[in-house]
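Written below as structure tokens is the structure these notes are about.
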Amino acid sequence: MQLAYPNDKTLPFAHIDGLAIGGMTKDAAAKKANQAYNDHTLNAAMNNSDKPTVSIKLRDIAASVDNSQRIKQYDYHWYLRLVPTSLFWHGLNYGAPPAPKFASHTDAAINEKIVAHCQVTPTNATLKVKGAQLEVQKSQLGGKCDEAKIKQSVRNIKPKLQQPTTVNVNKIDIKPAVSDDKAKLLAQKLTKHLTNGVQIKAKDKTIAVDAQTVYSWLDFVAKDKELVAILNTERTSKW
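Rendered as structure tokens:
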């Protein structure tokens with residue numbers, strides 16, 4: 241059986257980067273391995289975060305790994321055929337994967353598939369009504385990936401089929417439009433003017449409304465890089 245084993249087939253228990261390709265023609269094995277690399281996951285993360293900001297496949301950025309040559313050149317030599325049971329233990333792996341290849345439009349694909357989505361939107365500071373008090377809900381920095389560093393990192397990847405490939409880049413901070421200080425300032429102004437409530441005149445009547453009720457009428461929204469308070473007409477209509 242060993243002496244007559246076809247030269248154009250991989251050995252029965254052959255693997256390539258953890259992928260079983262045993263007993264296949266070398267062309268079919270290469271096609272299977274190449275497809276597996278096309279489907280290989282590429283993650284982009286910022287500041288070494290465990291949670292990727294973007295997750296795509298190598299094919300999405302026109303990147304590929306060609307395994308044809310390393311499979312074709314792995315022969316079952318005549319002297320190995322003379323060794324008992326070598327058919328079952330020789331050629332279990334085909335060495336390290338070759339470096340990925342990139343198409344002419346890879347940079348454009350990186351921009352579209354990674355750079356455009358590799359960002360975290362900043363969170364504006366706002367106010368939250370808690371009884372008769374206004375509490376500041378703190379802002380959070382956003383961030384984005386550096387385009388040049390992402391492209392360079394992607395071109396330096398060494399993908400392995402058994403685990404996703406991740407590129408890490410430092411985050412370029414994006415500041416929120418509404419800072420904590422702006423929210424605090426609005427809270428101070430509202431507290432100063434509304435701490436004793438308001439007087440509402442309707443025809444010949446004057447109705448006293450306490451601060452807690454007035455605060456409950458307010459919504460807080462960002463406008464022109466400032467935090468503003470607006471009356472919620474649905475809630476005030478009850479009055």
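Numbers given in my numbering equal positions in the sequence shown, counted from 1, plus 240. Using N, Cα and C, we set each Cβ at its ideal position, and we do this for glycine too.
Inset, instruction - Count the other C-beta atoms from every protein chain shown that fall within 10 angstroms of the C-beta of ASP257, then say buried if there are 16 or more, exposed otherwise. - result: ASP257 should be labelled buried.
Legend entry - Simplified DSSP assignment, three categories, for ASN408: Residue state, collapsed to three classes: strand.
Legend entry - Inter-stretch contact (C-beta, 8 Å, three-pair minimum) for the segment 368-376 and the segment 250-270: The count of Cβ pairs closer than 8 Å, one atom from the segment 368-376 and one from the segment 250-270, stays below three, leaving the stretches out of contact.
Legend entry - According to DSSP, residues forming a beta bridge with ALA303: DSSP, once it has assigned bridges, lists PHE342 as partnering ALA303.
Legend entry - From LEU430, GLN359, LYS432 and GLY262, residue whose alpha carbon lies closest to that of ASP520: Since the first and last residues shown for the chain are 241 and 479, residue 520 lies out of range.
Legend entry - For GLN493, the first and last residue of its enclosing alpha helix (DSSP H): Residue 493 lies beyond the range of the chain shown here (241 to 479); nothing can be said about it.
Legend entry - TYR277 beta carbon less than 8 Å from that of VAL369: Taking the C-beta atoms as reference points, TYR277 is found no nearer than 8 Å to VAL369.
Legend entry - Three-state secondary structure (DSSP) of GLY327: The sequence given here has Leu at residue 327, not Gly. The three-state reading of DSSP puts LEU327 in helix, counting H, G and I together.
Legend entry - Proximity to GLN402 [Cα-Cα], best of ASP279, GLY262, TYR245 and ARG321: Sorting ASP279, GLY262, TYR245 and ARG321 by C-alpha distance to the C-alpha of GLN402 places ASP279 at the top.
Inset, instruction - Return the residue from the list ALA268, LEU298 and ALA273 that minimises the CA-CA distance to PRO239. - result: Only positions 241 to 479 of the chain appear in the structure, and residue 239 is not among them; the question remains open.
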